[in-house]
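Student: Each residue of the sequence shown is one higher than the one before, counting from 1 in the UniProt record's numbering.
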Amino acid sequence: MKPRLFTPGPTTVPEETLLELARPVTYHRAAEAKAILAEVSEDLKYVFQTAQPVFTLTCSGTGAMEAAVSNTLAAGEKAILCTAGRWGERWRGILKAFATNIVPVEVPYGKAVTADMLAKALADNPDTKVVFTTLSETSTGVGHDLEAFGKVVAKTDALLAVDGISGVGAMECRMDAWGLDVVVTGSQKALMMPPGLAFIGASEKAWKKIDATAPRGFYLDIRRYKKSLAESDTPFTPGNTLIKAQRASLKRIRAEGIENLWARHNRIAAACRAGVEAMGLKVYAERPNSALTVIAVPQGVDGTATLKALEKKYGYKLADGQDTLKGHIWRLSHMGYTDSFDVLGALSALELVLLESGFKLEAGAGVAAFQKTYATGK
Ligand SMILES: *Cc1c(COP(=O)(O)O)cnc(C)c1O
Numbered sequence: 001m002k003p004r005l006f007t008p009g010p011t012t013v014p015e016e017t018l019l020e021l022a023r024p025v026t027y028h029r030a031a032e033a034k035a036i037l038a039e040v041s042e043d044l045k046y047v048f049q050t051a052q053p054v055f056t057l058t059c060s061g062t063g064a065m066e067a068a069v070s071n072t073l074a075a076g077e078k079a080i081l082c083t084a085g086r087w088g089e090r091w092r093g094i095l096k097a098f099a100t101n102i103v104p105v106e107v108p109y110g111k112a113v114t115a116d117m118l119a120k121a122l123a124d125n126p127d128t129k130v131v132f133t134t135l136s137e138t139s140t141g142v143g144h145d146l147e148a149f150g151k152v153v154a155k156t157d158a159l160l161a162v163d164g165i166s167g168v169g170a171m172e173c174r175m176d177a178w179g180l181d182v183v184v185t186g187s188q189k190a191l192m193m194p195p196g197l198a199f200i201g202a203s204e205k206a207w208k209k210i211d212a213t214a215p216r217g218f219y220l221d222i223r224r225y226k227k228s229l230a231e232s233d234t235p236f237t238p239g240n241t242l243i244k245a246q247r248a249s250l251k252r253i254r255a256e257g258i259e260n261l262w263a264r265h266n267r268i269a270a271a272c273r274a275g276v277e278a279m280g281l282k283v284y285a286e287r288p289n290s291a292l293t294v295i296a297v298p299q300g301v302d303g304t305a306t307l308k309a310l311e312k313k314y315g316y317k318l319a320d321g322q323d324t325l326k327g328h329i330w331r332l333s334h335m336g337y338t339d340s341f342d343v344l345g346a347l348s349a350l351e352l353v354l355l356e357s358g359f360k361l362e363a364g365a366g367v368a369a370f371q372k373t374y375a376t377g378k
């Protein structure tokens, strides 16, 4: 059986990147390692759409989220948390661990926080230091309108910190133009790498607050990374084998062009949603994003058993819901190294498994709708 990975992290890694991972280990303070870090850092600025330095941390995405909190907030300071799912809840866990004063702006799973909701929370809490939110809420498939959030927050003294894990490299996201003050992401989602690296960038406005805030923690003190990166170096031993491999995946993004990449994801996502609906299924997210499609499990179907059959019979590995959503949704990633035929295959395998389980649906309906929508680009 050919394994086919459609989980929203980790995602499929391109061949040239896998080859980098097979090379001998090298010394991380050598000139070559510094040159590679410098190159990767430049390409990350392009991916983040920022003129500010972007730092590479050796940890999973959550480490960069923790850095966003620990570097910008002192204990007791106020943070607004715009949360629409499990990854917003991850922010909450970190904010609690750092004893911040949290003002929640929360919507039920499947819904999106709006800029109006955020504007009201900011008006009610003028002493807010940082607003935290998620670009792609990977647990529900919702995408947030960060361009609108950025406009709202820019009018205040607060910073806007964005969990861009799974979103950055799949969905339009312009750190500087949209006024996003802190952006974090991880290697194993849209950046086409195994897990192990995380990235963080901060605006000039954010750096003012960071420099005025006493360090909380050591390893994730991003001032150390800033100082080192000025010399194309890292403060601690970096995962330099991973950084070398990340360079290969970033080259792929450079070659495609970030706007073409966003357009590709949008086109595949729209076709995927059309396919899902033509199968008589529902898209779970009210404001779906282009990194993944989350499908509501129809009544009478065992969601978890369906995923098991997909993997066992056809090699397609999709993700279940997390926590209370387990068994209720299917998550199909189309971010990163995924093309239209990959997703077409996944949809057709889902059709097959549903047909085999006795679910009423016209064979090929989803596949046909995908193709029609893909062909017209709408
Ligand atoms: C995957 C994911 C995370 C968690 O990242 P880790 O690398 O597992 O620490 C956080 N936020 C979002 C939106 C994600 O998709």
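Don't be surprised by glycine CBs; every beta carbon is placed ideally from N, CA and C.
In the DSSP output, what is M171 paired with across the bridge?
Tutor: In DSSP, M171 forms a bridge with V168.
Student: Return the chain-ordered ranges of every beta strand (DSSP E) run that is complete within the stretch 105-164 and spans a minimum of 3 residues.
Tutor: Fully enclosed beta strand (DSSP E) runs of 3 or longer: 128-134, 159-163.
Student: Output yes or no for whether 8 angstroms exceeds the beta carbon distance between A270 and T373.
Tutor: A contact, by the Cβ cut-off of 8 angstroms.
Student: Can you tell me which residues form a DSSP beta bridge with Y316?
Tutor: For Y316, which the question treats as bridged, DSSP gives the partners R4.
Student: Could you name the residues, in chain order, whose CB is less than 5 angstroms away from a heavy atom belonging to ligand 1?
Tutor: Spelled out in chain order, the answer is G9, S60, G61, T62, W87, T138, D163, I165, S166, G186.
Student: On a CA-only basis, which of L95, V142, L118, I80 is nearest G110? Give me that one, please.
Tutor: If we check each option's Cα against that of G110, V142 comes out closest.
Student: Between R90 and the rest of its own chain, which residues show a CB-CB distance below 8 angstroms, the 5 nearest in sequence each way excluded?
Tutor: Around R90: T62, M65, D163.
Student: Just tell me which of Y46, M117, A112, V54 has its CA closest to the CA of I80.
Tutor: Nearest of Y46, M117, A112, V54 to I80, Cα basis: M117.
Student: Identify whether R247 lies in helix, strand or coil by the three-state DSSP scheme.
Tutor: In this structure, R247 counts as helix in the three-state DSSP scheme.
Student: Kindly indicate which residue of E311, V168, D181 has the alpha-carbon position closest to the one of V152.
Tutor: With distances taken between Cα atoms, V152 lies closest to D181.
Student: Indicate whether P194 and H28 have their beta-carbon atoms separated by less than 8 angstroms.
Tutor: Not a contact, by the Cβ cut-off of 8 angstroms.
Student: Quick one: using the 10 Å Cβ neighbour count with 16 as the cut-off for buried, is V184 buried or exposed?
Tutor: Result: buried.
Student: Which class does V297 belong to by DSSP, given the choice of helix, strand or coil?
Tutor: Three-state DSSP puts V297 in coil, outside helix and strand.
Student: Grab the span of the beta strand (DSSP E) containing L81 for me, first residue to last.
Tutor: L81 -> beta strand (DSSP E) spans 78-83.
Student: Counting C-beta neighbours from all protein chains within 10 Å, is the total for F6 16 or more, i.e. buried, or is it exposed?
Tutor: F6 comes out buried.
Student: Are the Cβ atoms of M171 and T50 separated by less than 8 angstroms?
Tutor: No.
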